[in-house]
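Below is one structure, written out as structure tokens; the observations come after it.
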Amino acid sequence: MKYEIMLKILFELMSKKCVKASYLANKYEVSVRSIHRYINCLELAGVPIYTIRGNGGGFAIIDTFKFSSTFLTINEFEHTINALTAITEGVPNKDLTNVINKLKSVMRNEYSGFDIKSGNLIIDAGPWGDTVGYKSKLSVVQKCIDSNNLLSITYHDRNGDVTNRIIEPHVIVFKQGLWYVFAYCRLRNDFRFFKTGRIQQANVLDEKFTRKDLSSQELPLNFWQNTVLAKDVVLEIDKKCLSDVEEWLGIENITCQKDKYIAEVKLPYDNGLVSKIMSYGNGIKVISPTDLSNQIKKYAQDILDAYK
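Printed below as a string of structure tokens:
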């Protein structure tokens, strides 16, 4: 455990200009005195650490310090390259491709006879049909993010409405097996998530936009919970469709209560939710809210009437 903390402290020092002892102590749940001991051990090991005095002071490491490329093992290099390759196959990115080539070059220079094995990580969030068209849309979005060009899209929302929008794409997000574009929508005058699979057409415009500064912490990644259309839903699940519902809602949101499987989740409350629940037939029963239960009953009755 001691050496794990020492390594983590070393990486902290290499990634930041200055680190306070109190910050390290709180982060790794040890005393400030222990942090000073770890720093001393690193210095004895030859790491050039120096102390910055004063209010904004702390520990720092000289800028010229770096690891040898052989700090990573062959397996670590290989897994890193394969992971980056899997990402670029889903979302083509010139910079990541350059990084992959540089890593391969370093490995071939450092380890004679090194050869990248076939990766065991594949990322393919495209549809079962036209994956080429799907990836080309992601490529267009990535191009606009890199160049700060406006993007014109034809978008199909969850309710079946089709709109033409001008958006300012900022980030591509991979969430729950799906690709989303986080962008400022000029039609709604607000930031929105756009599911890539619902973009029918995407065209790069000549006009540029000014990118807003956004950190990963500011992204509303629980975006269904940040919309007025989201509601707390309680569902009773039949065992015959439990596996499919676990994939939909996540195993952590389903509990076994008195021989019944119950899911308590916050979901987007629209026609898409009704259709999703009905796709399970009698395998899901809505416990609450009552208005959702009544809506399911009405749809079921309408189907029954259509077959009379």
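The working numbering numbers the first residue of the sequence shown as 41 and each following residue consecutively. Idealized CB from N, CA, C, for every residue including glycine.
- Task: Check the DSSP bridge columns for ASP196 and list the partner residues they point to.
- Result: The amino acid occupying residue 196 in the given sequence is His; Asp does not appear at that position. According to DSSP, which records beta bridges pairwise, HIS196 is partnered with VAL202.
- If ILE89 sits next to ILE75, beta carbons under 8 Å apart, how far is it from one beta carbon to the other, in whole angstroms? Not a contact, Cβ separation roughly 12 Å.
- Who are the Cβ neighbours of TYR224 in its own chain at under 6 Å, not counting the five residues just before and after it? GLU208 and PHE231
- Item | ASP103 (DSSP reduced to helix, strand or coil) | coil
- Query: What is the DSSP secondary structure of VAL87, reduced to helix, strand or coil?
  - Reply: coil
- Can you give the Cα-Cα distance for LEU307 and LEU313, rounded to whole angstroms? 8 Å
- Query: Since GLU247 is in the beta strand (DSSP E), which residue starts that stretch and which ends it?
  - Reply: 239-248
- Relative to the alpha-carbon of PHE249, which residue among SER187, LEU344, LEU282 and LEU227 has its alpha-carbon at the smallest distance? SER187
- Task: Report the three-state DSSP secondary structure of GLN265 (helix, strand or coil).
- Result: Any reading at GLN265 must be qualified, since the residue scores a pLDDT of 48, below 50, and its modelled position is unreliable; the value itself is stated next. Residue state, collapsed to three classes: helix.
- Run the CB neighbour count on TYR347, radius 10 Å, all protein chains shown included, and call it buried at 16 or more, exposed below. exposed
- Would you kindly work out how many angstroms separate the C-alpha atoms of TRP219 and VAL213, rounded to a whole number? 6 Å
- Query: Where does SER328 sit, in a helix, a strand or coil, going by DSSP?
  - Reply: strand
- Message: Output needed for GLU286: all residues of its chain with C-beta closer than 8 Å, excluding positions within five of it in sequence on either side, in chain order.
- Response: ILE294
- To which residues of the same chain is ASN133 closer than 8 Å at the C-beta, ignoring the five residues directly before and after it? ILE127 and GLN182
- Task: Have a look at MET46 and LEU84 and give me their C-alpha separation to the nearest angstrom.
- Result: 12 Å
- Item | Of the residues GLU276, LYS142, ALA340 and ASN66, the one placed nearest ILE302, counting alpha carbons only | GLU276
- Message: Among the candidates ILE239, ALA100, GLN335 and LEU136, whose CA atom is the shortest distance from the CA of THR203?
- Response: ILE239
- Query: What's the gap between the Cα of THR104 and the Cα of ASN311?
  - Reply: 59 Å
- Could you pull out every residue in the same chain whose Cβ sits closer than 7 Å to the Cβ of LYS280, ignoring the five residues on either side in sequence? GLY323
- Query: For VAL72, is the classification buried or exposed, using 16 other Cβ atoms within 10 angstroms of its Cβ as the cut-off for buried?
  - Reply: exposed
- Message: Using DSSP's beta-bridge definition, name the partner residues of THR295.
- Response: ILE302
- Message: Classify LEU178: buried if its beta carbon has 16 or more other beta carbons within 10 angstroms, exposed otherwise.
- Response: buried
- Query: Span of the alpha helix (DSSP H) holding GLU287?
  - Reply: 282-289
- Message: Rounded to the nearest angstrom, what separates CYS58 and ILE101 at their Cα positions?
- Response: 8 Å
- Task: Could you tell me whether the Cβ atoms of ASN189 and VAL244 are closer together than 8 Å?
- Result: yes
- Chain-order list of residues whose beta-carbon lies under 6 Å from that of ILE327 (same chain, five-residue window excluded): VAL274 and GLU276
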